[in-house]
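Novice: In UniProt numbering, the protein residues as written are 1 to 487. Below: one structure in C-alpha coordinates.
Put into C-alpha coordinates, the structure is as follows:
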(Lines of atoms letter the chains of each structure in order from A and count residues from 1; the text may use other names and numbers.)
(Lines give C-alpha, C1' and ligand atoms only; values in the text may rest on other atoms or scores of the structure.)
Protein backbone atom coordinates (compact mmCIF):
# COMPACT_ATOMS: atom_id res chain seq x y z
CA UNK A 1 0.00 0.00 0.00
CA UNK A 2 1.18 3.54 -0.78
CA UNK A 3 -0.46 5.11 2.29
CA UNK A 4 -0.17 3.71 5.81
CA UNK A 5 -2.76 4.86 8.32
CA UNK A 6 -2.85 4.82 12.10
CA UNK A 7 -4.80 1.60 12.28
CA UNK A 8 -4.64 1.35 16.08
CA UNK A 9 -7.41 3.86 16.76
CA UNK A 10 -10.97 4.92 15.92
CA UNK A 11 -12.13 8.21 14.45
CA UNK A 12 -14.59 9.62 17.01
CA UNK A 13 -15.52 13.23 17.71
CA UNK A 14 -13.06 14.56 15.16
CA UNK A 15 -10.10 12.82 16.81
CA UNK A 16 -8.24 9.54 16.63
CA UNK A 17 -8.99 7.81 19.93
CA UNK A 18 -7.89 4.59 21.57
CA UNK A 19 -10.34 1.67 21.62
CA UNK A 20 -11.92 0.51 24.87
CA UNK A 21 -11.33 -3.14 23.97
CA UNK A 22 -8.10 -4.99 23.21
CA UNK A 23 -9.78 -7.13 20.54
CA UNK A 24 -8.57 -6.67 16.98
CA UNK A 25 -9.59 -7.51 13.42
CA UNK A 26 -6.92 -9.09 11.23
CA UNK A 27 -7.02 -7.80 7.66
CA UNK A 28 -5.89 -10.41 5.11
CA UNK A 29 -4.54 -9.73 1.62
CA UNK A 30 -6.66 -12.06 -0.57
CA UNK A 31 -3.85 -12.52 -3.11
CA UNK A 32 -1.24 -13.73 -0.64
CA UNK A 33 -3.52 -15.02 2.10
CA UNK A 34 -1.30 -13.19 4.59
CA UNK A 35 -2.13 -10.45 7.13
CA UNK A 36 -1.42 -6.86 6.13
CA UNK A 37 -2.86 -4.98 9.12
CA UNK A 38 -4.67 -5.25 12.41
CA UNK A 39 -7.36 -2.78 13.39
CA UNK A 40 -9.22 -2.55 16.68
CA UNK A 41 -12.58 -4.28 16.83
CA UNK A 42 -15.19 -1.85 18.07
CA UNK A 43 -17.02 -2.80 21.24
CA UNK A 44 -20.43 -1.71 22.47
CA UNK A 45 -18.68 0.94 24.57
CA UNK A 46 -16.85 2.24 21.50
CA UNK A 47 -20.14 2.45 19.61
CA UNK A 48 -21.66 4.34 22.53
CA UNK A 49 -18.85 6.90 22.28
CA UNK A 50 -19.31 7.25 18.53
CA UNK A 51 -23.08 7.68 18.78
CA UNK A 52 -22.66 10.21 21.60
CA UNK A 53 -20.30 12.26 19.42
CA UNK A 54 -22.68 12.12 16.46
CA UNK A 55 -25.63 12.93 18.72
CA UNK A 56 -23.90 15.98 20.18
CA UNK A 57 -22.86 17.17 16.72
CA UNK A 58 -26.46 16.88 15.56
CA UNK A 59 -28.28 18.21 18.63
CA UNK A 60 -25.89 21.03 19.49
CA UNK A 61 -23.43 21.38 16.63
CA UNK A 62 -23.20 23.69 13.66
CA UNK A 63 -23.60 21.15 10.84
CA UNK A 64 -27.40 20.67 10.85
CA UNK A 65 -27.82 24.42 11.27
CA UNK A 66 -25.44 25.40 8.48
CA UNK A 67 -26.81 26.50 5.12
CA UNK A 68 -26.74 24.10 2.21
CA UNK A 69 -24.05 26.24 0.59
CA UNK A 70 -21.87 25.98 3.71
CA UNK A 71 -22.20 22.20 3.75
CA UNK A 72 -21.51 22.03 0.02
CA UNK A 73 -18.31 24.02 0.50
CA UNK A 74 -16.89 21.34 2.82
CA UNK A 75 -17.93 18.49 0.56
CA UNK A 76 -16.50 20.20 -2.52
CA UNK A 77 -13.18 20.28 -0.69
CA UNK A 78 -13.61 16.59 0.14
CA UNK A 79 -14.16 15.92 -3.56
CA UNK A 80 -10.89 17.68 -4.38
CA UNK A 81 -9.05 15.61 -1.79
CA UNK A 82 -10.54 12.37 -3.09
CA UNK A 83 -9.24 13.28 -6.53
CA UNK A 84 -5.76 13.89 -5.15
CA UNK A 85 -5.68 10.52 -3.35
CA UNK A 86 -7.11 8.26 -6.05
CA UNK A 87 -3.99 6.10 -6.25
CA UNK A 88 -3.85 5.67 -2.48
CA UNK A 89 -7.47 4.53 -2.30
CA UNK A 90 -7.02 2.20 -5.27
CA UNK A 91 -3.96 0.60 -3.72
CA UNK A 92 -5.62 0.17 -0.33
CA UNK A 93 -8.76 -1.49 -1.72
CA UNK A 94 -6.72 -3.78 -3.96
CA UNK A 95 -4.67 -4.89 -0.96
CA UNK A 96 -7.59 -5.38 1.40
CA UNK A 97 -10.13 -7.03 -0.91
CA UNK A 98 -8.27 -8.16 -4.05
CA UNK A 99 -9.95 -5.94 -6.62
CA UNK A 100 -7.73 -5.72 -9.74
CA UNK A 101 -5.82 -2.44 -9.62
CA UNK A 102 -7.14 -1.12 -12.94
CA UNK A 103 -10.70 -1.63 -11.72
CA UNK A 104 -9.80 -0.24 -8.31
CA UNK A 105 -8.62 2.98 -9.91
CA UNK A 106 -11.96 3.46 -11.66
CA UNK A 107 -14.69 1.79 -9.61
CA UNK A 108 -13.18 1.82 -6.13
CA UNK A 109 -11.33 5.16 -6.16
CA UNK A 110 -12.46 7.47 -8.98
CA UNK A 111 -16.18 6.63 -8.97
CA UNK A 112 -16.72 7.76 -5.34
CA UNK A 113 -15.57 11.25 -6.34
CA UNK A 114 -17.85 11.21 -9.39
CA UNK A 115 -20.71 10.12 -7.14
CA UNK A 116 -20.02 12.88 -4.62
CA UNK A 117 -19.91 15.44 -7.43
CA UNK A 118 -23.25 14.11 -8.67
CA UNK A 119 -24.84 14.62 -5.25
CA UNK A 120 -23.35 18.12 -5.02
CA UNK A 121 -25.05 18.97 -8.30
CA UNK A 122 -28.35 17.36 -7.32
CA UNK A 123 -28.43 19.04 -3.91
CA UNK A 124 -29.00 22.38 -5.60
CA UNK A 125 -32.18 20.99 -7.17
CA UNK A 126 -33.50 19.01 -4.22
CA UNK A 127 -36.61 20.64 -2.65
CA UNK A 128 -35.41 21.01 0.94
CA UNK A 129 -37.99 23.84 1.22
CA UNK A 130 -41.30 23.97 -0.65
CA UNK A 131 -44.40 26.18 -0.36
CA UNK A 132 -47.73 24.58 -1.29
CA UNK A 133 -50.97 26.44 -1.80
CA UNK A 134 -54.42 24.89 -1.96
CA UNK A 135 -58.03 25.88 -1.41
CA UNK A 136 -57.77 24.60 2.16
CA UNK A 137 -54.56 26.29 3.24
CA UNK A 138 -50.97 27.24 2.58
CA UNK A 139 -48.07 25.17 3.92
CA UNK A 140 -44.34 25.42 4.21
CA UNK A 141 -43.06 21.90 3.56
CA UNK A 142 -39.61 21.25 4.98
CA UNK A 143 -37.30 18.32 4.45
CA UNK A 144 -35.22 18.36 7.59
CA UNK A 145 -32.26 16.09 8.43
CA UNK A 146 -33.39 12.80 9.94
CA UNK A 147 -30.70 12.93 12.63
CA UNK A 148 -27.92 10.50 13.51
CA UNK A 149 -27.34 7.90 10.79
CA UNK A 150 -25.75 4.50 11.31
CA UNK A 151 -24.16 3.51 8.00
CA UNK A 152 -23.18 -0.16 7.71
CA UNK A 153 -21.21 -0.76 4.52
CA UNK A 154 -20.00 -3.96 2.80
CA UNK A 155 -16.57 -5.11 1.69
CA UNK A 156 -17.01 -5.36 -2.08
CA UNK A 157 -16.98 -1.62 -2.91
CA UNK A 158 -16.27 0.00 0.44
CA UNK A 159 -15.55 3.61 -0.49
CA UNK A 160 -18.10 3.79 -3.30
CA UNK A 161 -20.94 2.52 -1.14
CA UNK A 162 -19.82 4.69 1.76
CA UNK A 163 -20.12 7.72 -0.51
CA UNK A 164 -23.57 6.57 -1.67
CA UNK A 165 -24.68 7.10 1.93
CA UNK A 166 -22.33 9.75 3.30
CA UNK A 167 -22.83 12.36 0.57
CA UNK A 168 -26.64 12.70 0.72
CA UNK A 169 -26.69 12.30 4.50
CA UNK A 170 -24.16 15.07 5.09
CA UNK A 171 -25.64 17.39 2.47
CA UNK A 172 -29.02 16.94 4.19
CA UNK A 173 -27.49 17.98 7.53
CA UNK A 174 -27.27 14.59 9.23
CA UNK A 175 -24.42 13.24 11.32
CA UNK A 176 -23.13 9.69 11.00
CA UNK A 177 -21.47 6.67 12.56
CA UNK A 178 -19.79 4.73 9.76
CA UNK A 179 -19.22 1.01 10.37
CA UNK A 180 -16.84 -0.46 7.75
CA UNK A 181 -16.85 -4.18 7.00
CA UNK A 182 -14.31 -6.25 8.99
CA UNK A 183 -12.71 -7.53 5.76
CA UNK A 184 -12.07 -4.04 4.36
CA UNK A 185 -11.72 -1.35 7.04
CA UNK A 186 -8.50 0.28 5.84
CA UNK A 187 -9.84 2.72 3.23
CA UNK A 188 -12.12 4.24 5.88
CA UNK A 189 -9.06 5.37 7.84
CA UNK A 190 -7.84 7.45 4.92
CA UNK A 191 -11.35 8.83 4.46
CA UNK A 192 -11.31 9.94 8.10
CA UNK A 193 -8.11 11.90 7.52
CA UNK A 194 -9.59 13.60 4.46
CA UNK A 195 -12.76 14.57 6.34
CA UNK A 196 -10.63 16.45 8.87
CA UNK A 197 -8.62 18.11 6.11
CA UNK A 198 -11.83 19.12 4.31
CA UNK A 199 -12.99 21.01 7.41
CA UNK A 200 -15.85 18.78 8.55
CA UNK A 201 -16.80 19.71 12.13
CA UNK A 202 -15.95 17.29 14.91
CA UNK A 203 -18.45 14.49 15.47
CA UNK A 204 -20.26 14.82 12.16
CA UNK A 205 -18.72 11.56 10.92
CA UNK A 206 -17.33 8.89 13.24
CA UNK A 207 -15.67 5.67 12.05
CA UNK A 208 -15.62 2.42 14.03
CA UNK A 209 -14.86 -0.97 12.41
CA UNK A 210 -16.63 -3.80 14.23
CA UNK A 211 -17.89 -7.35 14.04
CA UNK A 212 -21.51 -8.44 14.28
CA UNK A 213 -22.21 -8.00 17.99
CA UNK A 214 -21.06 -4.39 18.18
CA UNK A 215 -22.72 -3.68 14.82
CA UNK A 216 -26.06 -4.83 16.19
CA UNK A 217 -25.47 -2.63 19.22
CA UNK A 218 -25.05 0.31 16.84
CA UNK A 219 -28.18 -0.53 14.86
CA UNK A 220 -30.32 -0.78 18.00
CA UNK A 221 -28.77 2.20 19.78
CA UNK A 222 -31.49 4.62 20.96
CA UNK A 223 -29.31 7.54 19.88
CA UNK A 224 -29.46 6.43 16.23
CA UNK A 225 -32.37 7.81 14.20
CA UNK A 226 -31.72 6.10 10.88
CA UNK A 227 -29.94 2.96 9.67
CA UNK A 228 -28.67 2.52 6.13
CA UNK A 229 -27.32 -0.93 5.30
CA UNK A 230 -25.82 -2.54 2.22
CA UNK A 231 -25.08 -6.26 2.31
CA UNK A 232 -26.60 -9.68 1.95
CA UNK A 233 -30.35 -10.23 2.07
CA UNK A 234 -29.97 -12.51 5.09
CA UNK A 235 -28.14 -9.80 7.03
CA UNK A 236 -30.62 -7.22 5.76
CA UNK A 237 -33.52 -9.19 7.19
CA UNK A 238 -31.79 -9.13 10.56
CA UNK A 239 -31.20 -5.38 10.35
CA UNK A 240 -34.83 -4.79 9.33
CA UNK A 241 -36.03 -6.90 12.25
CA UNK A 242 -33.91 -4.96 14.73
CA UNK A 243 -35.07 -1.63 13.32
CA UNK A 244 -38.68 -2.78 13.28
CA UNK A 245 -38.67 -3.29 17.03
CA UNK A 246 -38.04 0.43 17.51
CA UNK A 247 -39.85 1.67 14.39
CA UNK A 248 -36.47 3.03 13.32
CA UNK A 249 -36.11 4.35 9.78
CA UNK A 250 -34.09 1.99 7.61
CA UNK A 251 -32.82 1.77 4.05
CA UNK A 252 -31.64 -1.61 2.75
CA UNK A 253 -29.70 -2.30 -0.45
CA UNK A 254 -29.41 -6.07 -0.56
CA UNK A 255 -28.63 -9.00 -2.82
CA UNK A 256 -29.44 -9.72 -6.42
CA UNK A 257 -29.76 -12.50 -8.96
CA UNK A 258 -30.08 -10.35 -12.03
CA UNK A 259 -30.99 -11.70 -15.45
CA UNK A 260 -29.75 -10.61 -18.87
CA UNK A 261 -32.32 -11.44 -21.55
CA UNK A 262 -30.91 -11.79 -25.07
CA UNK A 263 -33.72 -11.44 -27.60
CA UNK A 264 -33.64 -13.42 -30.84
CA UNK A 265 -32.29 -10.44 -32.82
CA UNK A 266 -29.48 -9.62 -30.36
CA UNK A 267 -25.90 -9.14 -31.52
CA UNK A 268 -24.39 -12.06 -29.60
CA UNK A 269 -20.82 -10.84 -29.87
CA UNK A 270 -21.73 -7.40 -28.51
CA UNK A 271 -23.86 -8.94 -25.75
CA UNK A 272 -21.09 -11.35 -24.77
CA UNK A 273 -18.54 -8.54 -24.59
CA UNK A 274 -20.88 -6.44 -22.44
CA UNK A 275 -21.62 -9.37 -20.14
CA UNK A 276 -17.94 -10.23 -19.80
CA UNK A 277 -17.78 -7.18 -17.55
CA UNK A 278 -21.44 -7.08 -16.56
CA UNK A 279 -21.29 -10.59 -15.12
CA UNK A 280 -17.70 -10.90 -13.86
CA UNK A 281 -16.67 -7.42 -12.67
CA UNK A 282 -14.81 -7.47 -9.35
CA UNK A 283 -14.54 -11.27 -9.61
CA UNK A 284 -18.33 -11.52 -9.50
CA UNK A 285 -18.54 -9.71 -6.17
CA UNK A 286 -21.10 -7.06 -7.11
CA UNK A 287 -24.76 -7.44 -6.18
CA UNK A 288 -26.08 -5.97 -9.46
CA UNK A 289 -24.16 -8.25 -11.84
CA UNK A 290 -26.06 -10.27 -14.42
CA UNK A 291 -25.46 -13.80 -13.14
CA UNK A 292 -28.31 -15.38 -15.13
CA UNK A 293 -28.11 -15.11 -18.91
CA UNK A 294 -31.36 -16.01 -20.65
CA UNK A 295 -30.90 -16.86 -24.35
CA UNK A 296 -33.13 -18.22 -27.16
CA UNK A 297 -32.90 -22.00 -27.21
CA UNK A 298 -32.12 -21.85 -30.93
CA UNK A 299 -29.06 -19.65 -30.31
CA UNK A 300 -27.69 -21.22 -27.11
CA UNK A 301 -24.80 -23.08 -28.73
CA UNK A 302 -23.79 -20.01 -30.74
CA UNK A 303 -23.86 -17.80 -27.66
CA UNK A 304 -21.90 -20.27 -25.54
CA UNK A 305 -19.13 -20.41 -28.14
CA UNK A 306 -18.82 -16.63 -28.19
CA UNK A 307 -19.17 -16.19 -24.44
CA UNK A 308 -16.62 -18.88 -23.61
CA UNK A 309 -14.16 -17.17 -25.90
CA UNK A 310 -14.48 -13.69 -24.35
CA UNK A 311 -14.58 -14.91 -20.74
CA UNK A 312 -11.59 -17.22 -21.15
CA UNK A 313 -9.59 -14.25 -22.49
CA UNK A 314 -9.84 -12.45 -19.14
CA UNK A 315 -6.46 -12.65 -17.35
CA UNK A 316 -6.69 -14.14 -13.85
CA UNK A 317 -3.94 -13.37 -11.37
CA UNK A 318 -2.11 -10.78 -9.30
CA UNK A 319 -4.52 -7.89 -8.65
CA UNK A 320 -1.58 -5.46 -8.63
CA UNK A 321 -0.87 -6.30 -12.29
CA UNK A 322 -2.65 -3.69 -14.47
CA UNK A 323 -3.53 -6.42 -16.98
CA UNK A 324 -5.40 -8.60 -14.48
CA UNK A 325 -9.17 -8.64 -14.91
CA UNK A 326 -10.12 -11.40 -12.45
CA UNK A 327 -8.54 -11.23 -9.01
CA UNK A 328 -9.03 -13.36 -5.92
CA UNK A 329 -12.20 -13.50 -3.87
CA UNK A 330 -12.16 -11.45 -0.70
CA UNK A 331 -11.56 -14.32 1.74
CA UNK A 332 -11.12 -18.05 2.15
CA UNK A 333 -14.65 -18.09 3.56
CA UNK A 334 -16.04 -16.53 0.39
CA UNK A 335 -14.11 -18.96 -1.83
CA UNK A 336 -15.56 -21.91 0.08
CA UNK A 337 -19.04 -20.47 -0.38
CA UNK A 338 -18.54 -20.07 -4.14
CA UNK A 339 -17.07 -23.55 -4.51
CA UNK A 340 -20.06 -24.95 -2.66
CA UNK A 341 -22.38 -23.42 -5.25
CA UNK A 342 -20.28 -24.83 -8.10
CA UNK A 343 -20.59 -28.30 -6.60
CA UNK A 344 -24.33 -27.75 -6.14
CA UNK A 345 -24.69 -26.86 -9.82
CA UNK A 346 -22.89 -30.02 -10.88
CA UNK A 347 -24.89 -32.17 -8.47
CA UNK A 348 -28.19 -30.80 -9.79
CA UNK A 349 -27.31 -31.58 -13.40
CA UNK A 350 -25.95 -28.32 -14.82
CA UNK A 351 -22.94 -28.53 -17.15
CA UNK A 352 -19.73 -26.62 -16.53
CA UNK A 353 -18.72 -25.27 -19.93
CA UNK A 354 -15.91 -23.08 -18.60
CA UNK A 355 -13.90 -22.99 -15.37
CA UNK A 356 -15.28 -24.54 -12.23
CA UNK A 357 -11.94 -25.04 -10.46
CA UNK A 358 -9.15 -23.19 -8.71
CA UNK A 359 -6.51 -21.92 -11.17
CA UNK A 360 -3.71 -24.49 -11.28
CA UNK A 361 -0.97 -21.86 -11.43
CA UNK A 362 -2.23 -19.81 -8.46
CA UNK A 363 -1.64 -21.94 -5.38
CA UNK A 364 -1.82 -18.98 -3.01
CA UNK A 365 -4.71 -16.59 -2.77
CA UNK A 366 -8.46 -17.11 -2.76
CA UNK A 367 -9.00 -17.74 -6.47
CA UNK A 368 -11.81 -19.43 -8.38
CA UNK A 369 -11.79 -19.63 -12.18
CA UNK A 370 -14.47 -17.68 -14.08
CA UNK A 371 -17.18 -20.31 -14.37
CA UNK A 372 -20.03 -20.67 -16.86
CA UNK A 373 -22.83 -23.20 -16.43
CA UNK A 374 -25.16 -24.36 -19.21
CA UNK A 375 -28.13 -26.69 -19.01
CA UNK A 376 -29.41 -24.68 -16.06
CA UNK A 377 -33.11 -24.76 -15.17
CA UNK A 378 -34.82 -21.96 -13.22
CA UNK A 379 -35.34 -24.11 -10.13
CA UNK A 380 -31.67 -24.97 -9.64
CA UNK A 381 -29.94 -23.46 -6.63
CA UNK A 382 -27.34 -21.71 -8.81
CA UNK A 383 -30.20 -19.99 -10.68
CA UNK A 384 -31.99 -18.88 -7.52
CA UNK A 385 -29.41 -17.92 -4.90
CA UNK A 386 -26.87 -15.11 -4.94
CA UNK A 387 -23.40 -16.66 -5.25
CA UNK A 388 -21.26 -13.50 -5.13
CA UNK A 389 -18.43 -14.96 -7.15
CA UNK A 390 -17.38 -15.48 -10.78
CA UNK A 391 -20.17 -17.93 -11.60
CA UNK A 392 -22.78 -17.40 -14.35
CA UNK A 393 -25.75 -19.56 -15.34
CA UNK A 394 -27.04 -19.73 -18.92
CA UNK A 395 -30.74 -20.58 -19.28
CA UNK A 396 -32.84 -20.98 -22.44
CA UNK A 397 -36.32 -19.88 -23.53
CA UNK A 398 -38.68 -20.50 -26.45
CA UNK A 399 -40.63 -17.20 -26.58
CA UNK A 400 -40.54 -13.74 -25.03
CA UNK A 401 -43.19 -14.48 -22.42
CA UNK A 402 -41.11 -17.39 -21.17
CA UNK A 403 -37.99 -15.20 -21.14
CA UNK A 404 -39.77 -12.64 -18.96
CA UNK A 405 -41.09 -15.38 -16.69
CA UNK A 406 -37.57 -16.75 -16.20
CA UNK A 407 -36.16 -13.28 -15.51
CA UNK A 408 -38.88 -12.65 -12.91
CA UNK A 409 -38.61 -16.12 -11.35
CA UNK A 410 -36.50 -14.89 -8.45
CA UNK A 411 -36.94 -13.69 -4.91
CA UNK A 412 -34.63 -10.83 -5.88
CA UNK A 413 -35.34 -7.77 -8.01
CA UNK A 414 -32.25 -5.59 -8.13
CA UNK A 415 -31.07 -5.26 -11.73
CA UNK A 416 -31.49 -6.72 -15.20
CA UNK A 417 -30.70 -6.16 -18.83
CA UNK A 418 -32.09 -6.72 -22.30
CA UNK A 419 -30.08 -7.10 -25.52
CA UNK A 420 -31.77 -6.52 -28.86
CA UNK A 421 -31.28 -4.86 -32.24
CA UNK A 422 -34.53 -2.94 -31.66
CA UNK A 423 -34.29 -0.45 -28.75
CA UNK A 424 -38.07 0.06 -28.64
CA UNK A 425 -38.54 -3.67 -28.25
CA UNK A 426 -35.87 -3.68 -25.56
CA UNK A 427 -37.50 -0.91 -23.53
CA UNK A 428 -40.90 -2.59 -23.85
CA UNK A 429 -39.48 -5.82 -22.46
CA UNK A 430 -37.55 -3.94 -19.74
CA UNK A 431 -40.87 -2.59 -18.47
CA UNK A 432 -41.99 -6.17 -17.82
CA UNK A 433 -38.97 -7.11 -15.70
CA UNK A 434 -39.61 -6.66 -11.98
CA UNK A 435 -36.38 -5.02 -10.89
CA UNK A 436 -35.24 -1.62 -9.67
CA UNK A 437 -33.07 -1.00 -12.72
CA UNK A 438 -32.85 -2.50 -16.20
CA UNK A 439 -30.15 -1.78 -18.78
CA UNK A 440 -30.96 -1.96 -22.50
CA UNK A 441 -27.95 -3.09 -24.54
CA UNK A 442 -25.67 -2.48 -21.57
CA UNK A 443 -26.60 1.18 -21.13
CA UNK A 444 -25.95 2.22 -17.50
CA UNK A 445 -28.55 4.27 -15.63
CA UNK A 446 -25.91 6.62 -14.16
CA UNK A 447 -25.70 8.32 -10.78
CA UNK A 448 -28.59 10.75 -11.39
CA UNK A 449 -31.11 7.90 -11.44
CA UNK A 450 -32.35 6.10 -8.30
CA UNK A 451 -31.08 2.59 -7.69
CA UNK A 452 -32.48 -0.09 -5.42
CA UNK A 453 -34.43 -3.27 -5.44
CA UNK A 454 -37.83 -4.85 -5.70
CA UNK A 455 -38.75 -7.85 -3.55
CA UNK A 456 -35.92 -9.21 -1.37
CA UNK A 457 -33.35 -6.88 -2.92
CA UNK A 458 -34.07 -4.11 -0.48
CA UNK A 459 -36.15 -1.24 0.83
CA UNK A 460 -35.76 2.32 -0.41
CA UNK A 461 -33.60 3.92 -3.08
CA UNK A 462 -30.13 5.41 -3.27
CA UNK A 463 -28.53 7.84 -5.77
CA UNK A 464 -30.39 10.46 -7.79
CA UNK A 465 -32.60 13.09 -6.19
CA UNK A 466 -34.36 10.21 -4.46
CA UNK A 467 -31.10 9.44 -2.66
CA UNK A 468 -31.74 12.42 -0.38
CA UNK A 469 -35.16 11.12 0.66
CA UNK A 470 -33.61 8.51 2.94
CA UNK A 471 -31.98 11.20 5.09
CA UNK A 472 -34.81 13.69 5.62
CA UNK A 473 -38.02 13.94 7.59
CA UNK A 474 -40.97 15.84 6.15
CA UNK A 475 -42.46 18.64 8.21
CA UNK A 476 -45.46 20.78 7.17
CA UNK A 477 -46.03 24.19 8.74
CA UNK A 478 -49.38 25.90 8.20
CA UNK A 479 -48.72 29.51 7.22
CA UNK A 480 -50.91 32.37 8.43
CA UNK A 481 -52.42 34.68 5.86
CA UNK A 482 -50.01 37.36 4.73
CA UNK A 483 -46.86 35.54 5.87
CA UNK A 484 -44.11 35.63 3.27
CA UNK A 485 -41.60 32.80 3.28
CA UNK A 486 -38.01 34.13 3.10
CA UNK A 487 -36.28 33.28 -0.17
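For every residue, glycine included, the Cβ atom is placed at its ideal position computed from N, Cα and C.
Report the residue from 67, 60 and 42 whose alpha carbon sits nearest the alpha carbon of residue 22.
Specialist: That would be 42, whose Cα lies nearest to the Cα of residue 22.
Novice: What would DSSP say about residue 133, mapped onto helix, strand or coil?
Specialist: Strand at residue 133.
Novice: Quick check: residue 218 and residue 163, are their CB atoms within less than 8 Å of each other?
Specialist: For residue 218 and residue 163, no; Cβs fall outside 8 Å.
Novice: If you follow the beta strand (DSSP E) that residue 351 is in, where does it begin and where does it stop?
Specialist: Element bounds for residue 351: 351-354.
Novice: Decide if residue 67 is buried, meaning its Cβ has at least 16 other Cβ atoms within 10 Å, or exposed.
Specialist: Classification for residue 67: exposed.
Novice: How about residue 210 and residue 179: do their beta carbons lie closer than 8 Å?
Specialist: Cβ distance < 8 Å, so residue 210 and residue 179 count as in contact.
Novice: Using DSSP bridges, identify the partner residues of residue 27.
Specialist: 37, per the DSSP bridge assignment.
Novice: Give me the Cβ distance between residue 54 and residue 206, rounded to the nearest whole Å; I'm assuming they're in contact under 8 Å.
Specialist: Residue 54 to residue 206, Cβ: 6 Å. Contact.
Novice: Can you tell me the Cα-Cα spacing of residue 437 and residue 274, whole angstroms?
Specialist: Whole-angstrom Cα-Cα distance: 17 Å.
Novice: Within 10 angstroms of the Cβ of residue 477, are there 16 or more other Cβ atoms? Answer buried if so, exposed if not.
Specialist: Per the 10 Å Cβ criterion, exposed.
Novice: If you count every other CB in all the chains shown that lies within 10 Å of the CB of residue 325, and 16 or more means buried, which is it?
Specialist: Under this definition residue 325 is a buried residue.
Novice: Please tell me whether residue 414 and residue 256 are closer than 8 Å, where the distance is taken between their beta carbons.
Specialist: Taking 8 Å as the Cβ cut-off, residue 414 and residue 256 qualify as a contacting pair.
Novice: Can you tell which of 18, 470 and 121 has the C-alpha that lies nearest to the C-alpha of residue 248?
Specialist: Measuring from the Cα of residue 248, the nearest candidate turns out to be 470.
Novice: Identify the continuous alpha helix (DSSP H) that holds residue 89 and give its terminal residues.
Specialist: 86-97 is the extent of the alpha helix (DSSP H) around residue 89.
Novice: May I ask you to report which of helix, strand or coil DSSP gives residue 416?
Specialist: Reduced to three states, the DSSP call for residue 416 is strand.
Novice: Please report the Cβ distance between residue 390 and residue 359, rounded to the nearest whole angstrom; I am assuming they are in contact, meaning their Cβ atoms lie under 8 Å.
Specialist: Incorrect: roughly 11 Å between the Cβ atoms, too far for contact.
Novice: Going by beta carbon distance, what residues of the same chain come within less than 6 Å of residue 404, once the five residues before and after it are set aside?
Specialist: Cβ within range, chain order: 432.
Novice: Which of helix, strand or coil does DSSP assign to residue 341?
Specialist: The answer is helix: DSSP assigns residue 341 an H, G or I state.
Novice: Take residue 268 as the anchor and find which of 402, 284, 435 and 310 has the nearest alpha-carbon.
Specialist: Of the candidates 402, 284, 435 and 310, the one whose C-alpha sits nearest the C-alpha of residue 268 is 310.
Novice: Using 8 Å as the threshold, is the region 144-159 in touch with the region 223-232, meaning 3 or more CB pairs across them?
Specialist: Judged by Cβ distances under 8 Å, the region 144-159 makes contact with the region 223-232, as three or more pairs qualify.
Novice: Distance check for residue 292 and residue 312, CA to CA, integer angstroms please.
Specialist: So the two alpha carbons sit approximately 18 Å from each other.
Novice: With a cut-off of 8 Å on the beta carbons, I'd call residue 419 and residue 263 a contact; round off their distance for me.
Specialist: Yes, residue 419 and residue 263 are in contact; Cβ-Cβ is about 7 Å, under 8 Å.
Novice: What distance in whole Å lies between the Cβ atoms of residue 328 and residue 366, which are believed to be in contact at a cut-off of 8 Å?
Specialist: Yes, they are in contact, since the Cβ atoms of residue 366 and residue 328 sit about 4 Å apart, within 8 Å.
Novice: State the DSSP-derived secondary structure class of residue 170, mapped to helix, strand or coil.
Specialist: If DSSP states are grouped into helix, strand and coil, residue 170 belongs with the helices.
Novice: Whose C-beta lies closer than 6 Å to the C-beta of residue 109 among residues of the same chain, with five residues either side of it excluded?
Specialist: Answer for residue 109: 86, 89 and 90, listed in chain order.
Novice: What span of residues does the beta strand (DSSP E) with residue 506 cover, start to end?
Specialist: For residue 506 there is no data in the structure shown, the boundaries of the chain being 1 and 487.
Novice: Short of 6 Å in beta carbon distance, which residues of its chain neighbour residue 169, apart from the five on each side in sequence? Order them along the chain.
Specialist: Cβ neighbours of residue 169 beyond the five flanking positions: 149, 176 and 471.
Novice: Can you give me the Cβ contacts of residue 138 inside the same chain, cut-off strictly under 6 Å, excluding the 5 residues immediately before and after it?
Specialist: Result list for residue 138: 479, in chain order.
Novice: Residue 52 by DSSP, collapsed to three states: which one?
Specialist: Of the three classes helix, strand and coil, the one that applies to residue 52 here is helix, per DSSP.
Novice: For residue 16, which three-state DSSP category applies?
Specialist: In this structure, residue 16 counts as strand in the three-state DSSP scheme.
Novice: Could you check what DSSP says for residue 478 in three-state terms: helix, strand or coil?
Specialist: Correct three-state label for residue 478: strand.
Novice: What does the alpha-carbon distance come out to for the pair residue 460 and residue 253?
Specialist: Roughly 8 Å separates the two Cα atoms.
Novice: What residue range is occupied by the uninterrupted beta strand (DSSP E) comprising residue 324?
Specialist: No beta strand (DSSP E) holds residue 324; DSSP gives it neither H nor E.
Novice: Out of curiosity, what's the CA-to-CA distance linking residue 102 and residue 323?
Specialist: Taking the straight line from one Cα to the other gives about 8 Å.
Novice: Looking only at DSSP bridge pairs, what is residue 230 linked to?
Specialist: Beta-bridge pairing links residue 230 to 253.
Novice: Between the alpha carbons of residue 155 and residue 94, how many angstroms are there, rounded?
Specialist: Whole-angstrom Cα-Cα distance: 11 Å.
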